[in-house]
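Here the structure is laid out as structure tokens; the discussion comes afterwards.
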Amino acid sequence: MKLVIAVVKPHKLDDVKTALQERGVQGLTVTEASGYGRQRGHTEVYRGAEYRVDLVPKARIEVLVEDAEADAVVDAVVEAARTGRIGDGKVWTLPVDTAVRVRTGERGPDAL
Amino acid sequence: MLLLTAGPAAHAPAIDPGDTAWLLAATALVLLMTPGLALFYGGMVRSKSVLNMFMMSFVSIALVTVVWLVAGYTLAFGPDAGGAGLIGDLSHLGMHGVGPHDVTGHVPTPLFAAFELSFAVITAALISGAVADRARFGAWTAFVVLWTLAVYVPVAHWVFAPGGWVTARLHALDYAGGTVVEVCSGASGLALAMVLGPRIGFRKEAMRPHNLPLVLLGAGLLWFGWFGFNAGSALAADGIAASAFLNTQAAGCAGLLGWLVVEKRRDGHATTLGAASGSVAGLVAITPSCGSVDLLGAVAVGLAAGVVCSYAVSWKFRWGVDDSLDVVGVHMVGGVIGTVLIGLLATRTMTGGARGLLYGGGLGQLWRQAVAVAAVGAYAFAVTYGIGRALERAVGFRASEEEERTGLDLTLHAETAYDHGVLTHGTAHGALHAGHPGAVRPAPPAPDRSPFA
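Protein chains in written order, with my numbering: chain V, 1 to 112; chain W, 1001 to 1453.
Here's what the structure looks like:
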């Protein structure tokens, strides 16, 4: 199993969710996150003063998938989240040892 | 009823029922401005210190009222002590000799005292905006008491009392408190912001307002109350009161529009905070001038304040003085604009005598206005700086770094305004720090009688 983690622009969350549903993904977890990448945030002007905003709001999406599905899910997220402008985010995967469905106690891929 | 009140005071000056009715209503309007200010300021701070912001205004209502009734009223409006127009005497200490049959102008003296009290209350509360997020509450309460007696009361005597030197000797015009309320609170705010120093993160973080609907609601209440403030200052239900009323509306609107136009051109957006600040700037500027300019003058005063103040609020970043909620940029600058413009725009129809430069009055009135502004501003700044320094040394005015970072609501008041999220439900944020002043004692284990067990 693999854990796909995606940090994307918040307004692209709906597109990513739809794309994952179309790929048959059963569940996901979304958290409000903030951070920066190579663009190092941005500057904004408020009340006549300019501020450097380091931490830009993002949505962090976590999806547990079977190994064979991982690449396709990553591609689906990337395609749905891309605007082509800086700050589009990042997607990465991690190997997962085990997963348990709390209600039934099912383990491994059955728990997904 | 008439017989009852007329009996013992048959030879005293008559109470005018119309004037009295209007001033009763106007006083209540002005008293609503301080809770309105609490909303206006409370929405502008970050969510961790909003209750503290509210408390600084609400405690000012109580403290200034007590101080006023004990000694403030007599020092401000008692007979002039020494004849120099600097301070009142102590003949009305504890409101001695102020009863239902005493008359000031055409209204009962207790009502006049209450109307003037409402001005003292909001002026003290206004200063809190300059020290948002970082003032210790105990020190603030001491400050309000000392400041009211040492700064507000003398300045009110100079300008509002019949024998005050600004009114009686200098002959400067200040209809509803451009100097007493606006310049005074602004210069005091500047001094106190310098004493306390900037908030952690000043000039690095935007520290945006946490609740703009509160700010707009507060601005609306301030605007509403301002009709009592300005039109009530006629102390009569007459034509000047009506003109002051309309001038107030015109200037508030001109200020709002002026600020938004600058913002849109400069920053690309017309913001709600700009609308709130612009209307307040216009209202501030028309405060001294509402009784001496015509409608065209009122629009000019409001527009000038809206435009200039929208730039003035960013000067603090250049100077490094964290006037957090723009007491200086809006109230001091707006108060100076409104008071000085009387020297240009005063009309004889409104003043009954004095005229501004543009209406053939020469430079005389302009000079008198400038002197009044400079005197009040310098006095308020210097004395407030002294009081602030003394309190910082004696009891510590500035909150500790931990209090400031955690937020004053939790650390100083053991409360939070908002309960965010499922994980913190029922528990104040961060309240689990052991030994913390705001720490909530762990609850005893609850008996297990949950229906879901």
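All C-beta atoms, glycine included, are put in the ideal place defined by N, C-alpha and C. It should be emphasised that the depicted structure is a prediction, and the values quoted were computed from it without experimental measurement.
Residue i versus residue j - alpha carbon distance
i, j, result
"Gly-1138(W)", "Val-102(V)", "52 Å"
"Glu-1402(W)", "Ser-1049(W)", "13 Å"
"Tyr-1379(W)", "Pro-1162(W)", "20 Å"
"His-1413(W)", "Arg-1199(W)", "19 Å"
"Gly-108(V)", "Tyr-1418(W)", "41 Å"
"Thr-1141(W)", "Asp-14(V)", "51 Å"
"Val-8(V)", "Val-1064(W)", "53 Å"
"Trp-1068(W)", "Ala-1124(W)", "12 Å"
"Val-1155(W)", "Ser-1185(W)", "11 Å"
"Leu-1023(W)", "Ala-49(V)", "42 Å"
"Val-1280(W)", "Ala-1219(W)", "7 Å"
"Thr-98(V)", "Val-63(V)", "14 Å"
"Ala-80(V)", "Val-73(V)", "11 Å"
"Phe-1317(W)", "His-1269(W)", "20 Å"
"Ala-1434(W)", "Asp-1409(W)", "Confidence is the limiting factor: at Ala-1434(W) the pLDDT is only 42, short of 50, which leaves the residue's position unreliable and the question unanswerable from this model."
"Val-1293(W)", "Val-1371(W)", "19 Å"
"Leu-1325(W)", "Ser-1314(W)", "11 Å"
"Val-1308(W)", "Val-1333(W)", "8 Å"
"Leu-1083(W)", "Val-45(V)", "Note on residue identity: the sequence assigns Gly, not Leu, to residue 1083(W). Going from the Cα of Gly-1083(W) to the Cα of Val-45(V) covers about 53 Å."
"Ala-1114(W)", "Ile-1122(W)", "13 Å"
"Pro-10(V)", "Gly-84(V)", "15 Å"
"Arg-1208(W)", "Arg-47(V)", "10 Å"
Residues near residue i in its chain [Cβ-Cβ closer than 6 Å; skip 5 each side]
i, result
"Gly-1164(W)", "Gly-1085, His-1157, Trp-1158"
"Arg-82(V)", "Asp-88"
"Ile-86(V)", "Gln-39"
"Ala-1076(W)", "Gly-1088, Val-1153, Ala-1156, His-1157"
According to DSSP, residues forming a beta bridge with residue i
i, result
"Ile-5(V)", "Glu-62(V), Trp-92(V)"
"Tyr-51(V)", "Glu-44(V)"
"Asp-1080(W)", "Gly-1088(W)"
"Ser-34(V)", "Pro-57(V)"
"Val-1135(W)", "The sequence as given places Ala at residue 1135(W); Val does not occur at that position. According to DSSP, Ala-1135(W) bridges with Arg-1398(W)."
"Pro-1108(W)", "Val-1103(W)"
Buried or exposed (CB count within 10 angstroms, at least 16 for buried), residue i
i, result
"Phe-1229(W)", "buried"
"Lys-58(V)", "buried"
"His-1331(W)", "buried"
"Ile-1087(W)", "buried"
"Leu-94(V)", "exposed"
"Ala-1021(W)", "exposed"
"Leu-1296(W)", "exposed"
"Leu-1363(W)", "exposed"
"Thr-29(V)", "exposed"
"Gln-21(V)", "exposed"
"Thr-1351(W)", "buried"
"Leu-1117(W)", "buried"
"Gly-1178(W)", "buried"
"Glu-1263(W)", "buried"
"Asp-1133(W)", "buried"
"Trp-1147(W)", "buried"
Sequence-distant residues of its chain with Cβ nearer than 7 Å to residue i (five each side left out)
i, result
"Ala-1150(W)", "Val-1383, Ile-1387"
"Phe-1054(W)", "Ala-1038, Gly-1042"
"Leu-1246(W)", "Leu-1295"
"Ala-1254(W)", "Gly-1282, Val-1299, Gly-1302, Leu-1303, Gly-1306"
"Gly-1036(W)", "Gly-1218, Leu-1221, Leu-1222, Gly-1225"
"His-1429(W)", "Unreliable placement is indicated for His-1429(W), whose pLDDT of 45 sits below 50; no coordinate value is reported for it."
C-beta contact flag for residue i and residue j at 8 Å
i, j, result
"Val-1030(W)", "Gly-1232(W)", "yes"
"Thr-1272(W)", "Leu-1212(W)", "yes"
"Val-1328(W)", "Ala-1305(W)", "no"
"Val-1183(W)", "Val-1376(W)", "yes"
"Leu-1190(W)", "Asp-1323(W)", "yes"
"Leu-1357(W)", "Gly-1335(W)", "no"
"Val-91(V)", "Ala-33(V)", "no"
"Ile-1127(W)", "Ser-1188(W)", "yes"
"His-1489(W)", "Ser-1047(W)", "The question about residue 1489(W) has no answer here: the residues shown for chain W are numbered 1001 through 1453."
"Thr-1339(W)", "Gln-1369(W)", "yes"
"Ala-1234(W)", "Ala-1241(W)", "yes"
"Arg-1136(W)", "Ala-1399(W)", "yes"
"Ala-1300(W)", "Leu-1260(W)", "no"
"Met-1095(W)", "Tyr-1073(W)", "yes"
"Leu-1090(W)", "Gly-1078(W)", "yes"
"Thr-43(V)", "Val-53(V)", "yes"
"Met-1033(W)", "Gly-1278(W)", "no"
Contact set for residue i: own chain, Cβ-Cβ below 8 Å, skip 5 residues either direction
i, result
"Ala-70(V)", "Lys-2, Val-4, Thr-93"
"Gly-24(V)", "none"
"Asp-75(V)", "none"
"Ala-1206(W)", "none"
"Gly-1426(W)", "With a pLDDT of only 46 at Gly-1426(W), under 50, the local geometry of the prediction cannot be trusted, and the value read off the model is given with reservation. So the qualifying residues of the chain are Asp-1419."
"Pro-1288(W)", "Leu-1173, Asp-1174, Tyr-1175, Ala-1176, Gly-1177, Gly-1178, Thr-1179, Glu-1182, Gly-1335, Gly-1338, Thr-1339, Ile-1342"
"Phe-1381(W)", "Ala-1187, Ser-1188, Leu-1190, Ala-1191"
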